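Under this note's numbering, think of the first position of the sequence shown as 7, with each following residue one higher.
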Amino acid sequence: MADKEKLKETYTIGLDIGIASVGWAILGENRIIDLGVRCFDKAETAKEGESLNLSRRMARLMRRRLRRRAWRLTKLARLLKRVGLIADVGVLKQPPSKGFQTPNLWQLRVEGLDRKLGDDEWARVIYHLCKHRGFHWISKAEAKAADSDKEGGKVKQGLAGTKRLMQEKSYRTAAEMVLAEFPDAQRNKQGEYSKALSRELLCEELKELFKQQRAFGHTHADDKLETNILGNGDKKSGLFWVQKPSLSGEALLKMLGKCTFEKDEYRAAKACFTAERHVLLTRINNLRIVENGKMRGLTADERRIALWQPYQQAGDFTFKQLGSALEKHGSLLKGGYKFAGLTYPRETDEKAKNPETATLVKIPAWQELKKTLIGVGLEREWQGMADAALNGKPDLLDKIGWVLSVYKEDDEVELELGKLQLAANVIHALQTVRFDKFSNLSLLALCKILPQMENGMRYDEACKEAGYQHSMPDMQDLEAKVRYLPPFYSGREKDGRLKFNEDMDIPRNPVVLRALNQARKVVNALIRKYGSPHAVHIEMARDLSRPIDERRKIERDQADYRTKNEDARKAFASDFGFEPKGRQFEKYMLYREQQAKCAYSLAPLDLNRVLNDQGYAEVDHALPYSRSFDDGKNNRVLVLTSENRNKGNQTPYEYLDGTSDSEKWRLFESFVSGNKAYSQAKRNRLLKKDFGVKETQDFKERNLNDTRYICRFFKNYVEQYLQLHEESDAKRCVVVSGQLTSLLRFRWGINKIRSESDRHHALDAAVVAACSHGLVKRMSDYSRRKELGQVRDRIEKVDKKTGEIIDHFPSPWAHFRQELLARLHIDDANELRAVVENLGTYPPEALESLTPLFVSRAPQRRNSGAAHKETIYAQPEAMKEKGSVTQKVAVTSLKPADVDKLIDPERNVKLYAYLRKWLAGKDEREKRAKAIEASAGRGKEKRDLTPEEKIEIERLRALPQKPDKQGKPTGPIVRAVTMVIDKLSGIPVRGGIAKNDTMLRVDMFSKAKRYYLVTVYVFHSVAKELPSRAIVAHKDEDDWTVISEDFEFCFSMYPNDFIRISQKKETFMGYYAGCDRGSGNVNLWSHDRNSQIGKSGMIRGIGVKTAVNVEKFNVDVLGNIYPAPPEIRRELA
């Protein structure tokens, strides 16, 4: 079909947007025009679910700290050379020479108190103290924050312990104390902080050393040198103290974004009273309570209590606390209400947590300021600020929140708080508090929005009232729209970073952003090929914007649900002797849940007839599907067929005459309320009283459309920017709910098996595209007729307008299911054309261009990453020839067989013999230690261990000690040993070897009808030198083939490049997955990751050296395959 003709064809785009894929489909009026899948890597680490930038950022910060430290020490060495203490700056980086009088620098520091040091000795003492200058909190707030941090708490305890030792035993300096208290080891090891020293303590030691050396007449201990090193006493100047200041003040403001609405205003600190008030008002104004089957917002009196209560207590404000407050007020009856949005467990689940203990709202800055000021006796000062803020004058608390968020160092905070006319004791108290988060809105915008929200308006309504557009504005003028969706970035910063388009309010979640950007590319590619669409329909994965811990919890809950279902199926098979079918099993589960009673009449049900007599009992929607579009399990009940006929499309409240408080309704209400097997969500539906036009519309909107923020963003983005076809009458981008597509798949008989392949994303997209307003209307009419009994009574068999048989569930067109399954699963183009040609809806030009579904994958053509693994293996000179290395290994991780691999066995016979003995009994000792701990009990009944038990556990878990000449373990504790690794290829780093990390690509060469693979790693990029050796299977890298000028470069293979490898007997095609440098084989992913082809769809161990042909192809966003153009070997940037 020619492009010009395609532009005239009416079509709808359907998108299924997930964390790592975008399924897409194009549906015409009576056929599937095209469909496919675009896959990409998730923008997070696979294991922890952390940002991909996190590890890079942490490594970058570490490199920066080390670089600054090295530069500080270099400047110190240069200073010492200038004053004549040393002749060469490099001497201080080397250990003392053999003739050095006191090689232990800790001991030399102590000797410096009692004798004049030589120039070299004095230089080494100064350098040692400046290099190991101790721990220092940059502010009182940072020191206070360490109390709640596990690692910081240990550091603080260690600092307090060494300070106490100094005071109790009157040591002159830190070095004297360390040598006396810790003679065996002066440095902390493996998370231990008992020897932690503060920078102030070491500063005092250096001062004392300068004083004593001057007294001894040392010419290089003058005041000028001391000032250059120790500064002027401000704990900032001097090479001993110098430290790059934290991002604070003006430097922070340069990084701070501007307000969403007021473009010239900085964003407000979240610690400002006004910003926290905005969050509180949003939560309270959106809160809904379910009472007597009716959902409502808070009354004016209830809002007043809810807005006052959080400020009167410590900690987060929970739903339960609000409920208690409203019960006390008398507006709610205990047990007579539920909070909408909470998932209440069945009453039979006694171990389930009360959902009302969840946090309703937090005002952390208010709580922190209140706790801090009252904690130091400034209750009156706090009350004055609090009363002013709660009475509409939050200016002071707003300014305090701003200062404590923008400024980080104590002197800056003191200066800025002083400008607020605060008392000195208040300023001193606030020095221990800091905040660091900012809102999207400025104080100016918030002050315009909050008055409306105080009156009960929702945020979006208040924005509109204040003259702001809460979401992207609707742009009905076609000239203001564009043919293609614009990028999310407006350009680049000076440092090359992409700059977000601030007008779009783009989500910053990297997982979401990557998914939406790929969806944008798919839409634009479809428009280039087919022209502007008439409509766009979207479904987004429910877990798209959730953090990984929530996603894993959902997966666990789903697994638990499947396990319960499987157990129930086994119980059914055991009781009845056969496996239940789908509807049978659903009836069986509802029968058990309803205590063997009809849900409406409460008449007893005969289980045998429920399972075997189709006309006896039916599954019904409590809230009629035609009015609610709710097909969830919480809206499904088992009822006698006669009751279902009589109920029609009424709610239980309407059917049982709840308006007159009939006896039937009272009995029904009592049963529902008392049935502990019902979830709260199901009770709400069964007992719902108000279900008029507005409530019906709200239910339909919720069940048909996905209203999450991320869905609203993409919907508004498409509506604002994308110009639909000029003949289109669609005004909105439709965001379809997952519940609706799930129902349609079930009713159309289209099963989705996620584990088989990635094709199911295209299936979902086709269903989404089919969810037109017309189809929804036909579904509603069908459900209404069915509820009213017209279909069963054959009152009318054919729709007069469409000619459709009305007792069939509506589908897009007659052969939709058959066509979709063919388009999804047939890989042979000729077979596919033959199947769809029989449908009679494909014109000749469409058949000619028809191709099977092919999954497109985003290639990873990166040129950066980690150059090598973090662990650096030592390589003594004696081991270099063999390529062996050594590694320090904790004794706790050793296995008995590992002892044979330890270094220098002939020199450590007794130690290694003892280690074998210690390791042999390790498991038994740990078992005994755990038994002692278990004897103390668990939970609330757990008792404290006795001193004797603690000593025994400590003995059982004690690390081994080095044996003496007699073989008795009396020597130092052995925490780690050195293990020899026979062969390790990698990168030389600081005198050792580190394993290669990221393989960027594989360069393929050919010569004499053979292919050669050259692996290119990040470290080659760092060295700016391309490798020139090709893999030789099972050989050391030194024995690999050298690539000379007579080799021909073919192409580079990056992850997800599409490759075809033709061997004599077989041909493999797939996306490049990796290369085994040991064997020289490559691995390919099948295009759809079909699990029937290999584990997770991977084809492993494909040899290329003797292949007949190896080719590379480009795959575009829509899955079209093209031969890759000739390449030249790329240099490394």
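For each residue, glycine too, the CB sits at the ideal point set by N, CA and C. Owing to the predicted nature of the structure, the values given are computational and were not obtained by experimental measurement.
Residue interval of the beta strand (DSSP E) (run including residue i)
{"i": "residue 892", "result": "891-896"}
{"i": "residue 1046", "result": "Where residue 1046 is concerned, there is no enclosing beta strand (DSSP E), given that its DSSP letter is neither H nor E."}
{"i": "residue 956", "result": "Taken as a continuous stretch (DSSP letters only), residue 956 belongs to no beta strand (DSSP E), being part of the alpha helix (DSSP H) at 953-962."}
{"i": "residue 643", "result": "642-646"}
{"i": "residue 1078", "result": "1073-1082"}
{"i": "residue 1056", "result": "1054-1059"}
{"i": "residue 993", "result": "993-995"}
Selection from the options that minimises the alpha carbon distance to residue i
{"i": "residue 213", "options": "67, 929, 237 and 944", "result": "237"}
{"i": "residue 1058", "options": "914, 865, 271 and 1075", "result": "865"}
{"i": "residue 403", "options": "998, 782 and 392", "result": "392"}
{"i": "residue 1103", "options": "1109, 1094 and 412", "result": "1094"}
{"i": "residue 941", "options": "653, 342, 955 and 1060", "result": "955"}
{"i": "residue 991", "options": "785, 891, 747 and 433", "result": "891"}
{"i": "residue 657", "options": "685, 696 and 517", "result": "696"}
{"i": "residue 660", "options": "127, 675 and 1004", "result": "675"}
{"i": "residue 622", "options": "632, 651 and 347", "result": "651"}
{"i": "residue 441", "options": "119, 742, 254 and 98", "result": "254"}
{"i": "residue 938", "options": "945, 946 and 950", "result": "950"}
{"i": "residue 75", "options": "138, 121 and 59", "result": "138"}
{"i": "residue 591", "options": "581, 575, 604 and 928", "result": "575"}
{"i": "residue 1003", "options": "1118, 876 and 1120", "result": "876"}
Coarse secondary structure for residue i, derived from DSSP in three states
{"i": "residue 1023", "result": "strand"}
{"i": "residue 218", "result": "helix"}
{"i": "residue 1120", "result": "strand"}
{"i": "residue 370", "result": "helix"}
{"i": "residue 778", "result": "coil"}
{"i": "residue 659", "result": "helix"}
{"i": "residue 143", "result": "coil"}
{"i": "residue 44", "result": "strand"}
{"i": "residue 1017", "result": "strand"}
{"i": "residue 909", "result": "coil"}
{"i": "residue 789", "result": "helix"}
{"i": "residue 344", "result": "strand"}
{"i": "residue 188", "result": "coil"}
{"i": "residue 811", "result": "Its pLDDT being 43, under 50, residue 811 is placed unreliably in this model, and the value from its coordinates should be taken loosely. In the structure shown, residue 811 sits in a strand (DSSP, three-state: E or B)."}
{"i": "residue 261", "result": "helix"}
{"i": "residue 22", "result": "strand"}
{"i": "residue 858", "result": "coil"}
{"i": "residue 1111", "result": "coil"}
{"i": "residue 713", "result": "In this prediction, residue 713 scores a pLDDT of 49, lower than 50, which makes its location untrustworthy; no coordinate-derived value is stated."}
{"i": "residue 697", "result": "coil"}
Residue i: first and last residue of the uninterrupted alpha helix (DSSP H) it sits in
{"i": "residue 850", "result": "850-855"}
{"i": "residue 941", "result": "928-941"}
{"i": "residue 819", "result": "Where residue 819 is concerned, there is no enclosing alpha helix (DSSP H), given that its DSSP letter is neither H nor E."}
{"i": "residue 631", "result": "631-634"}
{"i": "residue 744", "result": "744-753"}
{"i": "residue 94", "result": "Looking at the DSSP string, residue 94 is not in any alpha helix (DSSP H), and its letter there is neither H nor E."}
{"i": "residue 29", "result": "Note, residue 29: premise wrong, no alpha helix (DSSP H); beta strand (DSSP E) at 27-33."}
Distance between beta carbons of residue j and residue i, contact taken as under 8 Å
{"i": "residue 159", "j": "residue 275", "result": "Not quite, the Cβ-Cβ distance comes to about 27 Å (not below 8 Å), so this is no contact."}
{"i": "residue 608", "j": "residue 673", "result": "6 Å"}
{"i": "residue 243", "j": "residue 414", "result": "Contact flag wrong, Cβ pair sits at about 18 Å."}
{"i": "residue 739", "j": "residue 544", "result": "6 Å"}
{"i": "residue 1123", "j": "residue 525", "result": "Actually they are not in contact, since the Cβ atoms of residue 1123 and residue 525 sit about 10 Å apart, beyond 8 Å."}
{"i": "residue 1006", "j": "residue 981", "result": "No, residue 1006 and residue 981 are not in contact; Cβ-Cβ is about 38 Å, not under 8 Å."}
{"i": "residue 539", "j": "residue 19", "result": "5 Å"}
{"i": "residue 1125", "j": "residue 862", "result": "4 Å"}
Chain C within 9 Å of residue i, Cβ atoms only
{"i": "residue 858", "result": "In summary, chain C is missing from the structure at hand, where a single protein chain is found."}
Residue i: CB within 8 Å of a non-hydrogen atom of the ligand HEM
{"i": "residue 874", "result": "Inclusion of the ligand HEM in the displayed structure is not the case, the ligand content being empty and no account of it being possible."}
Query raised in the report: Where in the segment 369-404 do unbroken runs of the alpha helix (DSSP H), each at least 4 residues long, occur, reported from the N-terminal end onward?
Result: 370-381 and 385-396
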